[in-house]
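First the structure, in the form of structure tokens, and then the observations on it.
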Amino acid sequence: MNTKFGQFGGQFVPETLMNPLIELEKAFVNIKDDDSFKKEYMYYCKEYSGRPTPLYYAKNLTKKLGGGKIYLKREDLNHTGAHKINNVIGQILLAKKMGKKRIIAETGAGQHGVATATICAMFDIPCEVFMGEEDIKRQGLNVLKMNMLGAKINSVTSGTKTLKDATNEAIRHWVANPEDTFYVIGSVVGPHPYPKMVRDFQRIIGDEVKEQIMEKEGRVPDYLIACVGGGSNAMGLFYPFIEEKVEMYGVEAGGKGIETDYHAASISKGRLGIIHGMMTYLLQDENGQIKPVHSISAGLDYPGIGPEHAYFHFINRVKYVAINDREAIEAFRYLTKIEGIIPALESAHAIAYLMKLARETNKEDIIVVNLSGRGDKDMDTLFNVLEELEDGQ
Ligand SMILES: *Cc1c(COP(=O)(O)O)cnc(C)c1O
1 MNTKFGQFGG
11 QFVPETLMNP
21 LIELEKAFVN
31 IKDDDSFKKE
41 YMYYCKEYSG
51 RPTPLYYAKN
61 LTKKLGGGKI
71 YLKREDLNHT
81 GAHKINNVIG
91 QILLAKKMGK
101 KRIIAETGAG
111 QHGVATATIC
121 AMFDIPCEVF
131 MGEEDIKRQG
141 LNVLKMNMLG
151 AKINSVTSGT
161 KTLKDATNEA
171 IRHWVANPED
181 TFYVIGSVVG
191 PHPYPKMVRD
201 FQRIIGDEVK
211 EQIMEKEGRV
221 PDYLIACVGG
231 GSNAMGLFYP
241 FIEEKVEMYG
251 VEAGGKGIET
261 DYHAASISKG
271 RLGIIHGMMT
281 YLLQDENGQI
291 KPVHSISAGL
301 DYPGIGPEHA
311 YFHFINRVKY
321 VAINDREAIE
331 AFRYLTKIEG
341 IIPALESAHA
351 IAYLMKLARE
361 TNKEDIIVVN
371 LSGRGDKDMD
381 TLFNVLEELE
391 DGQ
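First residue of the sequence shown? That's 1 in full-length UniProt numbering, and the numbers climb one at a time after it.
Written as structure tokens, this is what we have:
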């Protein structure tokens with residue numbers, strides 16, 4: 001299997017990790033087109049997570065924005081509140097097939113950690129989650145959930161004590177325990193075969209959209225929009241449409257503005273480099289050190305991006321744009337008020353870009369936005385922000 005997408009991706013890992021990666025690739029190739037595996041994966045997606053998620057025609061939003069017809073892919077209605085569980089179900093079923101006895105995962109905001117702890121609880125497999133000390137402080141609710149689900153949380157105190165450090169620590173732990181341990185990565189990042197494997201477990205989003213939009217409209221959409229952290233919900237939506245005549249927008253976190261040092265716009269502002277075993281666009285300083293990142297949405301707070309997105313940017317197949325914190329908050333409030341749907345702050349970035357794009361489209365156009373998750377987890381953040389706004393800051 002090709003480990004790269006053009007010049008991006010690859011396996012930039014210590015030699016001791018090559019054997020586990022080769023073993024993983026073999027197992028992945030075996031199940032890729034295996035009907036019984038697919039059946040089992042679909043069973044849990046449907047019966048446990050509630051798929052297929054609806055493709056909702058947002059009539060109020062469509063009317064207000066006055067352009068194309070807007071559909072929302074409701075990944076927020078999945079069990080545990082986001083698309084992440086699609087991938088976790090796939091990887092843990094694979095881990096079971098490989099005879100692995102324990103699961104490890106990294107997490108930033110805790111969403112991937114909760115999804116992993118959930119599936120481990122259901123299958124009764126021991127689970128350890130690596131999480132930065134800073135993130136543990138900020139994400140109390142998800143930490144509590146993981147504890148109740150029976151996962152052990154390892155507090156990571158190196159570097160900025162956030163997601164990139166948690167990922168480093170998880171990789172280190174895997175190097176030391178490759179025989180019995182399966183490492184569940186939470187996005188389309190990391191060394192090959194993870195970006196392809198996570199893509200294949202998330203493409204169920206786009207596959208469903210294709211079927212649903214054909215049924216509702218009889219044709220493919222004109223525009224797809226999704227937010228991009230590592231890029232898994234976007235890749236899941238885009239991939240089945242890559243050969244079709246569809247315009248695609250990946251929305252990065254512009255934080256306090258991409259002209260400042262406080263954002264997570266790896267494609268808009270990054271340079272080619274190596275992180276977590278892959279060659280990709282990366283926010284780094286002049287010495288190649290990874291820069292601290294900022295976004296109001298913890299799930300977009302990653303200094304790199306999946307290598308296939310880097311490739312789609314390079315060949316100009318997908319357009320990558322940035323939305324800042326303020327615009328995302330406005331979109332969060334707008335969608336909540338107009339449609340009665342409270343989005344995750346990550347997904348609100350996609351909605352904010354929709355609010356710009358819709359105006360330039362025609363009534364006949366069809367736009368699909370991936371609503372990657374629900375906003376319950378973000379209510380504290382919003383509460384604090386709104387208080388600040390009221391204090392006139
Ligand atoms: C984690 C997360 C994201 C970002 O991850 P991707 O891999 O880029 O999809 C986006 N939305 C929600 C709700 C998340 O939890």
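Note that CB positions come from ideal geometry on N, CA and C, so glycine has one too.
All of these numbers come straight from a predicted model, not from anything done at the bench.
Nearest CA to the CA of residue i: which residue from the options?
i, options, result
"glutamate 364", "Gly159, Lys337 and Pro221", "Pro221"
"lysine 97", "Leu237, Val13, Ala176 and Leu24", "Leu24"
"leucine 77", "Gly68, Cys45, Gly66 and Leu65", "Cys45"
"arginine 138", "Phe123, Asp378 and Asp391", "Asp378"
"glycine 250", "Ile258, His263, Glu259 and Gly229", "Gly229"
"alanine 82", "Arg374, Leu144 and Lys256", "Arg374"
"threonine 107", "Lys100, Asn60, Ile171 and Ile70", "Ile171"
"isoleucine 351", "Val13, Ala95 and Cys227", "Cys227"
"residue 400", "Thr280, Pro307 and Val129", "The structure shown does not extend to residue 400, since the chain spans only 1 to 393, so no value can be given for it."
"leucine 382", "Ala331, Arg359, Glu360 and Gly236", "Ala331"
"valine 13", "Gly306, Gly277 and Leu335", "Gly277"
"serine 266", "Gln11, Glu252 and Glu75", "Glu252"
"residue 448", "Ile341, Ile125 and Asp391", "For residue 448 there is no data in the structure shown, the boundaries of the chain being 1 and 393."
"glutamate 388", "Gly218, Lys145, Ile329 and Glu243", "Ile329"
"asparagine 19", "Asn177, Asp325, Ala166 and Arg333", "Asn177"
"glutamate 326", "Tyr334, Tyr320 and Thr118", "The amino acid occupying residue 326 in the given sequence is arginine; glutamate does not appear at that position. Here the closest residue by C-alpha is Tyr334."
"glutamate 217", "Thr336, Ile315, Gln11 and Ile70", "Ile70"
"glutamine 111", "Gly231, Val143 and His349", "Val143"
"leucine 224", "Phe314, Gly113 and Leu55", "Leu55"
"arginine 74", "Arg317, Ala348 and Leu21", "Ala348"
"phenylalanine 100", "Ser372, Asp376 and Cys127", "Note that residue 100 is lysine in the sequence shown here, rather than phenylalanine. For the residues Ser372, Asp376 and Cys127, the minimum Cα distance to lysine 100 belongs to Cys127."
"glutamate 47", "Lys63, Ala322, Asn2 and Ile119", "Ile119"
"asparagine 233", "Lys256, Met1 and Gly206", "Gly206"
"residue 405", "Ala264, Asn2, Glu15 and Gly231", "Only positions 1 to 393 of the chain appear in the structure, and residue 405 is not among them; the question remains open."
"leucine 21", "Val175, Lys64 and Val198", "Val175"
"arginine 102", "Ala151, Leu72 and Lys337", "Ala151"
"asparagine 316", "Glu208, Val246, Tyr43 and Leu371", "Val246"
Compute the Euclidean distance between the alpha carbons of residue i and residue j, then round it to the nearest angstrom.
i, j, result
"asparagine 86", "proline 52", "11 Å"
"glutamate 215", "isoleucine 104", "40 Å"
"glycine 304", "glutamate 179", "29 Å"
"alanine 298", "histidine 79", "20 Å"
"tyrosine 57", "glutamate 339", "10 Å"
"glutamine 202", "glycine 50", "15 Å"
"aspartate 301", "threonine 116", "19 Å"
"glycine 66", "isoleucine 366", "12 Å"
"proline 291", "leucine 283", "According to the sequence displayed, residue 291 carries lysine and not proline. Roughly 6 Å separates the two Cα atoms."
"alanine 344", "aspartate 380", "12 Å"
"threonine 260", "serine 295", "12 Å"
"glutamate 286", "glycine 68", "43 Å"
"methionine 235", "aspartate 200", "9 Å"
"lysine 269", "aspartate 124", "43 Å"
"isoleucine 204", "tyrosine 41", "11 Å"
"lysine 319", "methionine 248", "6 Å"
"glutamate 169", "serine 155", "10 Å"
"asparagine 30", "valine 114", "28 Å"
"glutamate 244", "lysine 210", "11 Å"
"threonine 167", "asparagine 362", "43 Å"
"aspartate 391", "valine 385", "10 Å"
So the alpha helix (DSSP H) residue i belongs to, where does it begin and stop?
i, result
"threonine 62", "59-65"
"glycine 140", "140-148"
"arginine 172", "163-176"
"leucine 389", "379-390"
"serine 158", "Careful: serine 158 lies outside any alpha helix (DSSP H) and carries neither H nor E."
"alanine 310", "307-314"
"glycine 206", "204-217"
"threonine 116", "111-123"
"isoleucine 85", "84-97"
"alanine 352", "345-357"
"tyrosine 44", "35-47"
Since residue i is in the beta strand (DSSP E), which residue starts that stretch and which ends it?
i, result
"residue 397", "This structure leaves residue 397 out entirely; the chain is present only between 1 and 393."
"glutamate 128", "127-132"
"leucine 371", "366-371"
"phenylalanine 241", "Element bounds for phenylalanine 241: n/a, residue is neither H nor E."
"glycine 273", "271-275"
"phenylalanine 182", "181-184"
"residue 396", "This structure gives no information on residue 396, because the portion of the chain shown stretches from 1 to 393."
"alanine 226", "223-227"
Could you tell me whether any Cβ in chain D is nearer than 8 Å to the Cβ of residue i?
i, result
"isoleucine 315", "Within the model displayed, chain D is absent; a lone protein chain is all it includes."
Would the segment 182-199 and the segment 81-95 be scored as touching if the rule is three or more Cβ pairs under 8 Å? yes
Three or more C-beta pairs under 8 Å: does that hold for the segment 33-52 against the segment 341-358? Put simply, the segment 33-52 does not touch the segment 341-358. Fewer than three CB pairs are less than 8 Å apart.
Taking 7 Å as the limit, tell me which residues put their C-beta closer than that to any heavy atom of ligand 1, in chain order. Ala82, His83, Lys84, Ala109, Gln111, His112, Gly186, Ser187, Val188, Cys227, Val228, Gly229, Gly230, Gly231, Ser232, Asn233, Ala234, Gly299, Leu300, Ala344, Glu346, Ser347, Ser372 and Gly373
Touching by the beta-carbon criterion (3+ pairs, under 8 Å), the segment 122-133 and the segment 160-170: The segment 122-133 vs the segment 160-170: in contact.
Between the segment 191-205 and the segment 10-28, do three or more beta carbon pairs fall short of 8 Å? yes
So, does the segment 5-17 touch the segment 306-313, judging by three or more C-beta pairs under 8 Å? yes
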